[in-house]
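Counting along the sequence shown from 1, when you hit position 157 you're at 157 in the working numbering, and nothing is skipped either side.
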Amino acid sequence: MNLPARPRPLPHAEAPAKTLLVVEDDRATLSLYRAGLKGLQGFKILMAQDGAQAMALLRQEPVHVLVTDLNMPVMDGFNLITKASRFFPQVPVIVMTGLDESQHLNTPLQLGAIQILTKPPRLTLLMDAIRAAAQFEPAGQVRGIGLNSLLQLLNWEQKSCTLTVNSEAGMGLLYLKHGEVFHAAFRDQEGLPAAYEILTWDRPDIEFVDTCRVERTIDLPLTEILMNAALITDSRAPGAASDPSAGRPRF
C-alpha cells in the first residue's frame, strides 16, 4: 500500500539577530530609510519620530544600534544622545545631521555618539556604519553565575557598571556604583519596583559595561534589596501563603 508522501515543512526564515532604531522627525526621510534599509540583512528595524519615542522603545526591548537626527521636536538628538549614553551605555549611537561641523561643533561625539554622518547619507555608507557599530560588544557577558551571586561579587569588588538583564519577561537594567544598586529600570518602572521585578527572574542572560552615569534613586543596601527580592519570589511560588503581608518589601 502506497502511503501519501508527507508534506515537506516550509523553511523558516531566521529571526533578525540585531535591532536597529532609527530616529527621524521628517516623514519623507523616515520613509526613505524604511525602504532603503530593507537591504540590511539580519536587522529588525524600529522607527521613532523624536527622542521621547526613542527612549520609550529603548526601555521596551534590546536595541543594538541607534541612528538619530539632531533637530527634532519633543526631545532633540542632543538630549537623546545624552540620555541614551547615560541609561543605555551598551548601545552605540550614529548621528545623521544636515548641520555642518561649525553648527554642531562635534558635540554629539562629546555626548557619547561614535560617528556623525552628513545628511542625507549614501545608504551604502549608512549601512556600512550600522554594520560596523553592531560589532560593538559590551564589556562582558556573564555565564555560569546567577544574578544574585553576581551582584554580591560586584558589591564585594565595589564595582561601578551597568547590567543589561534579559529574560522571557523582557529587558531590565541595573545600575551599580561602588557595588551598590543605584538605579533600576524595567519598561515603565524605575527604582526599587524595577529592581525587585528584575531580581525575581529565573536564569536571565546578563551583559555589562563598565560605566554608571545615572543619579541615585535607590538607597537600600544590596543585602536588604536581595532579601526583599527573595521574599517576593517566595510569595509568587505555587502554594505560597496567602497572608497579604507576606513577601511585602520595604520601599
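The beta-carbon is built from N, C-alpha and C at its ideal position, and this holds for glycine as well. None of these values were measured; they are calculated from a predicted model.
In chain order, what residues of the same chain lie with their CB nearer than 7 Å to the CB of residue i, ignoring the 5 residues before and after it?
i: Val214; result: Arg86, Phe87, Tyr175, Phe182, His183
i: Asn166; result: Pro62, Pro204, Asp205
i: Cys212; result: Ser160, Cys161, Thr162, Tyr175, Leu176, Lys177, Phe182
i: Thr107; result: Phe78
i: Ala134; result: Lys18, His64, Val65
i: Gln60; result: Arg187
i: Gly146; result: none
Identify every residue that forms a DSSP beta bridge with residue i.
i: His183; result: Tyr175
i: Thr97; result: Thr118
i: Gln189; result: Phe186
i: Thr164; result: Leu173, Glu207
i: Leu154; result: None, per the DSSP bridge assignment.
i: Val67; result: Val22, Ile94
Exposed or buried, residue i, counting other C-beta atoms within 10 Å across all chains shown (16 or more means buried)?
i: His178; result: exposed
i: Phe208; result: buried
i: Gln273; result: The first residue shown for the chain is 1 and the last is 251, placing residue 273 beyond what the model contains.
i: Asn228; result: buried
i: Ile271; result: This structure cannot speak to residue 271, because the chain is shown only from 1 to 251.
i: Arg122; result: exposed
i: Thr124; result: exposed
i: Gln158; result: exposed
i: Pro120; result: exposed
i: Ala84; result: buried
i: Glu224; result: exposed
i: Pro238; result: exposed
i: Pro11; result: Caution applies to Pro11, whose pLDDT of 46 falls short of 50 and renders its modelled position unreliable; the value that the coordinates give is listed next. Exposed is the call here.
i: Ala35; result: exposed
i: Ile130; result: buried
i: Gly172; result: buried
Please list, in chain order, all residues of the same chain as residue i whose beta carbon is under 8 Å from its beta carbon, the five residues on each side excluded.
i: Glu190; result: His183, Ala184, Thr217
i: Met127; result: Leu37, Gly39, Leu40
i: Gln152; result: Leu222, Leu226
i: Asp202; result: Ser167
i: Ile81; result: Thr68, Val93, Val95, Pro108, Leu111, Gly112, Ala113
i: Trp156; result: Gly179
i: Pro89; result: Gly112, Thr162, Val209, Thr211, Arg213
Take residue i and list the residues in its own chain whose beta-carbon comes closer than 6 Å to its own, dropping the five residues that flank it on each side.
i: Val67; result: Val22, Ile94
i: Leu46; result: Leu21, Leu57
i: Phe136; result: Pro92
i: Ile253; result: With the chain covering only 1 through 251, there is no way to say anything about residue 253.
i: Leu199; result: Ala229
i: Gln49; result: Asp25
Open item on the list: Contact between the region 67–75 and the region 19–27 is defined here as three or more beta-carbon pairs at a separation below 8 Å; is this criterion met?
Closed with: yes
Unbroken stretches of the alpha helix (DSSP H), 4 residues or longer, contained in the region 27–65: 27–36, 51–60
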